[in-house]
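Enquirer: This is the structure I want to talk about, given as structure tokens.
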Amino acid sequence: MSQVLGLLLVQNGETVGVDTLIEELWGEKVPRSALTTLQTYVYHARKIFADLPDGHAVLATRPAGYVIQVPDDAIDVAVFEGLVQRSRRLLDDGRAEAALDRLDEALRLWRGPVLVGMMLGSVLDAHITYLNELRFAATELRIEANQRLGRHQEIIPQLRLLVAANPLNERLHAQLITSLHKCGRRAEALQAYQSLWRTLDAELGVEPAPAVQLLQHAMLSEGSAVPGRC
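Per UniProt numbering, the very first residue in the sequence shown carries number 1; after that it's consecutive.
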């Protein structure tokens, strides 16, 4: 039953088809009793909401499947998505401090792995992958917001950890190189570039992206740190 609730909640307000729910529960090994068992799970799930105001309307049957309808602010996933979307708009508008506040609020919602302890089928697993990617994007946006505010020194330790955990992520490397250079640590910035170059060459047989190469050229030609606050 927890898988049914999990899938309905992460798609709050959207009808989840019976076929999708069956795929989540049993994958390719669908028993003959699948539909009956699913209906039993839904029945027990409805009992969970029975004592809530208008609880009978929370989990509704639709011609194509089932839908849970609760306010978005009651679901961490929806709140997180909304905060990340707002932070992107704020950054685009040049409001880095406000964007940083929203991103910090969003990332505080993460208290551990998504749906930890729950058996996962292919459908929920795909949703969790999406949420983890969105969390990672929020982390990158937070770094960008700090860089726009000139707070390079304080994000270097986090960037080193992220680069070590994601050695093929060129954006993270570029952010680390930029912050090191802004702080006058040109030698370390060049070492970070060389580390990226060696990793990409060994793992993929490619060079860093043109934008990252431009960072190296700028450091070599300027001879000193790019003007900016550290």
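Glycine is no exception: its CB is placed at the ideal position from the N, C-alpha and C atoms.
Since the structure is predicted, the reported quantities are computational estimates derived from the model, not experimental observations.
#1: Does DSSP put Gly6 in a helix, a strand or coil?
#2: Using 10 angstroms around the beta-carbon of Leu176, count the other beta-carbons present and answer buried if the total reaches 16, otherwise exposed.
#3: Since Gly121 contacts Leu25 with CB under 8 Å, what's their CB separation in whole angstroms?
#4: Quick check on DSSP: helix, strand or coil for Ile75?
#5: With Leu59 as the anchor, note down where its beta strand (DSSP E) starts and where it stops.
#6: Within this structure, are the beta carbons of Pro210 and Trp197 separated by less than 9 Å?
#7: Ala137: which of Leu172, Leu124, Gln147 and Met118 sits nearest, CA to CA?
#8: What first and last residue would you give for the alpha helix (DSSP H) that runs through Val42?
#9: Express the C-alpha separation of Ser221 and Arg148 in angstroms, rounding to a whole number.
#10: So, helix, strand or coil for Met219, using DSSP?
#11: Excluding sequence positions up to five away, which residues of its chain have a Cβ less than 7 Å from the Cβ of Glu97?
#12: Should Glu28 go down as buried or exposed, given a rule of 16 or more other Cβ atoms within 10 Å for buried?
#13: How about Ile156 and Leu180: do their beta carbons lie closer than 9 Å?
Expert: Checking against the coordinates, here is how it stands:
#1: helix
#2: By the 10 Å Cβ count, Leu176 comes out buried.
#3: The pair is a contact, with the Cβ atoms about 6 Å apart (cut-off 8 Å).
#4: Three-state DSSP puts Ile75 in coil, outside helix and strand.
#5: Leu59 to Arg62
#6: no
#7: Leu172
#8: Ala34 to Phe49
#9: 23 Å
#10: Per DSSP, reduced to three states, the secondary structure at Met219 is helical.
#11: Leu149
#12: Classification for Glu28: exposed.
#13: Taking 9 Å as the Cβ cut-off, Ile156 and Leu180 qualify as a contacting pair.
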